[in-house]
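**Student:**
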Amino acid sequence: MGNRKPKSKKPSDLNESDFLGIVMQLVIKVDNKGLSDIQKILVNGFRQGLTYDEIAEKNYLNSENLRKEANKKLFPLISKALTEAMKTPIKVQKTNFITLIELID
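Residues 3 to 107 (this note's numbering) are what the sequence shown spells out, left to right.
(1) Apart from the five residues on each side of it in sequence, which residues of its chain come closer than 6 Å, Cβ to Cβ, to asparagine 61?
(2) Using a Cβ-Cβ distance under 8 Å, would lysine 82 count as near chain C?
(3) Taking all protein chains shown into account, do 16 or more other C-beta atoms lie within 10 angstroms of the C-beta of threonine 53, making it buried, or fewer, making it exposed?
(4) Under the three-state reduction of DSSP, which class applies to lysine 11: helix, strand or coil?
(5) Once the 5 residues before and after glutamate 18 are set aside, which same chain residues still bring their CB inside 7 Å of it?
(6) Suppose you measure from the CA of lysine 96 to the CA of glycine 51; what does that come to, to the nearest Å?
(7) In terms of alpha-carbon separation, which member of Lys89, Ser65, Asn67, Lys82 lies closest to valine 25?
(8) Taking the beta carbon of serine 134 as the centre, do at least 16 other beta carbons fall within 10 Å, making it buried, or is it exposed?
(9) Assuming isoleucine 100 and valine 29 form a contact by the criterion Cβ under 8 Å, report the distance between their Cβ atoms to the nearest whole angstrom.
(10) Taking a contact to mean a Cβ-Cβ separation below 8 Å, would you say glutamine 41 touches glutamate 86 in this structure?
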């Protein structure tokens, strides 16, 4: 990765409650447990356009653990939910997360 510094993305126009509500409604359809506290922190951080490092610092967490949680659990879970909702395969990543959730709104 070199000296490349991750950039923050454009934040969502949706407020925290609405954005998280959309994500939770999607997820609950494929996983009755819903989102974990860490996943909610990630969703809110992504909504604000924050990097993993910024989310970690703001919440006193480890950025590498957040990255693993997002890539191994959160994004696959939301991908599955969106794929079922849209009836077409959708792969969620940090780069398209906000756009995909705003399309649901």
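Each residue gets a CB set at the ideal place from its N, CA and C atoms; glycine is no exception.
On a predicted model such as this, the values are computed, not experimentally measured, just so you know.
**Tutor:** Let's see:
(1) Residue 61 sits at position 59 when you count from the first residue of the sequence shown. Taking C-beta separations shorter than 6 Å and ignoring five residues to either side along the sequence, the partners of asparagine 61 in its chain run Ile43, following chain order.
(2) Looking at the structure shown, chain C is missing, and only one protein chain is on hand.
(3) In the sequence shown, counting from the first residue as 1, residue 53 sits at position 51. Buried is the call here.
(4) Locating residue 11 in the sequence shown gives position 9, where the first residue counts as 1. Lysine 11: coil per DSSP, three-state reduction.
(5) Indexing the sequence shown from 1 puts residue 18 at position 16. Asn46, Arg49.
(6) Translated into the one-based positions of the sequence shown, residue 96 becomes position 94. Translated into the one-based positions of the sequence shown, residue 51 becomes position 49. Lysine 96 and glycine 51 have their alpha carbons spaced roughly 10 Å apart.
(7) Translated into the one-based positions of the sequence shown, residue 25 becomes position 23. Checked all of Lys89, Ser65, Asn67, Lys82; the closest Cα to valine 25 is Lys82.
(8) Missing from the structure shown is residue 134; the chain here goes from 3 to 107 and no further.
(9) Within the sequence shown, the letter at position 98 stands for residue 100. Within the sequence shown, the letter at position 27 stands for residue 29. The pair is not a contact, with the Cβ atoms about 16 Å apart (cut-off 8 Å).
(10) The residue given as residue 41 occupies position 39 in the sequence shown. The residue given as residue 86 occupies position 84 in the sequence shown. Glutamine 41 is not a Cβ neighbour of glutamate 86, given a cutoff of 8 Å.
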